[in-house]
Amino acid sequence: MAARKATQNIKARATRGAGRLRGRGRVRATVHVALGERSYDVELGDDWLETIGRRAADKLGAERVAIVTVPSVARRYAPLLTKGLAARGAKVDRIVVPDGDATKNLKQLGLLYDRFLEHGMDRSSGVVTLGGGVAGDLGGFAAASFLRGIPFVQVPTTVLAMVDASIGGKTGVNLAQGKNLVGAFHQPKGVFLDMATLRSLPRRERAAGAAELIKHAAIWDASLFDWLEPRIEAFLDLDPKVVLPALERSCAIKGEVVERDEREGGLRKLLNFGHTLGHAIEKHARYRGILHGEAVAIGMVFAAQRSEELGFAPAGTRARLQAVLERAGLPTRVPNRPRSAYLSAIAVDKKKQGGKIHFVVLEGIGKSSTVALTPREILPAGWRA
Ligand code: GLY
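Going by the working numbering, the residue at position 259 of the sequence shown is 252; the numbering climbs one at a time, nothing skipped.
Have a look at this one:
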């Protein structure tokens, strides 16, 4: 009960903090993702949703546009975005899908196609996704598959979606058998970040998104890690002097990895740092009560510990990573379950990866690689949560 009340208070504070947006700001930073004819920009700004609507319309060049979004975001942010799209003459249909990962399914996908057809959409139409990973993945996959593919742009409104899910073209839905088992690589025409939208995001979700940001620094960029370490609280407090450069650099890292390995042949697997055990933790929790970024935080500490034990990372690597995650208020202890339970959950990843698991290890802060290991090598005999 106390915990619920606390969450409500956080939500109330976050909502008050959101204030009234005007939406007419301008771009403050741009990250280019160079993928030949599929290249696009990630544009960052503050309080510029109406401008985003106009820019999205220009990118899509479409007469009919569907905004795919979730309820909380739709109420607050869709009107300004719609205003901008309409200012460029687009006929807009706003499609609100229920929030939560359970929505990312084939049934919802079918309902989206129905709405696209009712709205008279054809191959010259476009999609705008507005929200977190669910809106982006589901709406993106609808765009990837409707009439064999129509253009879309991403307007992520969570830290997690801003630095990770919206960049790189991964779209898809879950099946009953597992997450993201059906999908397509479909690069957006543009990604637009409005930092003002983060003000309505509960702090717990900001922290969960920050886990992926810390991940980018840990696997790729020691100087970003050094810079972020003393500033993580300021990031969570949404200090603009910290948020803009942190998001910009994190998006640049994601973009760089995607540029070098768009289809996850090798290098892009580094982004799965912390995800082997993280996925197993989420699965055992039945995806309830723990956010993805929280499970990844625990998985990263575990992977850093194994990196030291396997001789890849110098002593102290795990402690440094753990300290910054804990200062962000993220969990770092593996939930208490038998080793056998984790082994069987990890074995699913093994099937997906065709034999051994590409386990991501740190070679120190800012440097990573993958090693092919069996589940028993990842969780050696005697390992205890
Ligand atoms: N979220 C991991 C990737 O985009 O590859």
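No residue lacks a Cβ here, since even glycine has one placed at the ideal position from N, Cα and C.
Let me check understanding here. Comparing Cα to Cα, which of the options lies closest to residue i?
i	options	result
Pro416	Leu336, Lys349 and Glu356	The requested residue 416 is not part of the displayed model; the chain covers only -6 to 378.
Val294	Gly359, Phe145, Ala239 and Arg313	Arg313
Ala378	Gln298, Ala204 and Ala128	Gln298
His351	Val289, Gly375, Arg332 and Thr269	Thr269
Lys52	Leu99, Ile143, Gly93 and Thr96	Ile143
Gln180	Thr62, Phe145, Gly292 and Val166	Phe145
Glu356	Lys163, Pro238 and Leu263	Leu263
Arg261	Ser362, Asp232, Ile283 and Lys276	Ser362
Gly183	Arg311, Met155 and Ala215	Met155
Ala80	Glu56, Val90, Arg68 and Ser159	Glu56
Asp39	Ala95, Pro238 and Ile160	Pro238
Arg326	Ile358, Pro223 and Ala288	Ala288
Ala83	Lys276, Val121 and Glu222	Val121
Leu140	Thr151, Ile160, Gly126 and Met114	Met114
Ile358	Glu370, Ala334 and Ala316	Ala316
Ser118	Lys100, Gln101 and Ala137	Ala137
Gln170	Lys276, Lys247, Pro233 and Arg199	Lys276
Tell me, which residues are paired with residue i by DSSP?
i	result
Tyr280	Partner(s): none; Tyr280 has no beta bridge.
His285	His285 pairs with nothing; no bridge assigned.
Ser362	Val354
Val236	Partner(s): none; Val236 has no beta bridge.
Val58	Val85 and Gly119
Gly124	Pro149
Val35	Val24 and Val184
Gly171	Leu168
DSSP three-state label for residue i, please.
i	result
Ala177	strand
Gly10	The predicted position of Gly10 is uncertain, since its pLDDT is 47 and thus under 50; a value taken from the coordinates is nonetheless stated next. If DSSP states are grouped into helix, strand and coil, Gly10 belongs with the helices.
Gln147	strand
Lys163	strand
Leu336	helix
Leu323	coil
Lys100	helix
Trp213	helix
Lys349	coil
His268	helix
Trp41	coil
Ala189	helix
Met293	helix
Pro368	helix
Trp220	helix
Asp230	coil
Asp107	helix
Arg256	coil
Val90	coil
Pro373	coil
For the putative contact between residue i and residue j, defined by C-beta atoms under 8 Å, what is the C-beta separation to the nearest angstrom?
i	j	result
Phe185	Val236	Rounded, the Cβ-Cβ distance is 16 Å, inconsistent with contact.
Asp86	Arg108	6 Å
Leu153	Ala201	6 Å
Ile388	Leu73	Beyond the ends of the chain as shown, which are -6 and 378, falls residue 388; an answer cannot be given.
Val35	Leu123	That pair is no contact at about 16 Å.
Ala49	Leu78	6 Å
Leu37	Arg21	6 Å
Val251	Gly161	4 Å
Any chance the CB of residue i is under 6 Å from a heavy atom of the ligand NAD?
i	result
Gly124	By its list of ligands, the structure shown excludes the ligand NAD, since it contains just the ligand GLY.
Determine whether the Cβ of residue i lies closer than 7 Å to any Cβ atom of chain E.
i	result
Glu241	No chain E is present in this structure, which holds just one protein chain.
**Request:** Assess, as a yes-or-no matter, whether the segment 240 to 253 is touched by the segment 205 to 225 under the definition of 3 or more beta carbon pairs within less than 8 Å.
**Result:** yes
**Message:** Three or more C-beta pairs under 8 Å: does that hold for the segment 90 to 106 against the segment 121 to 136?
**Reply:** yes
**Prompt:** With a cut-off of 8 Å, do at least 3 Cβ pairs link the segment 302 to 312 to the segment 212 to 222?
**Reply:** no
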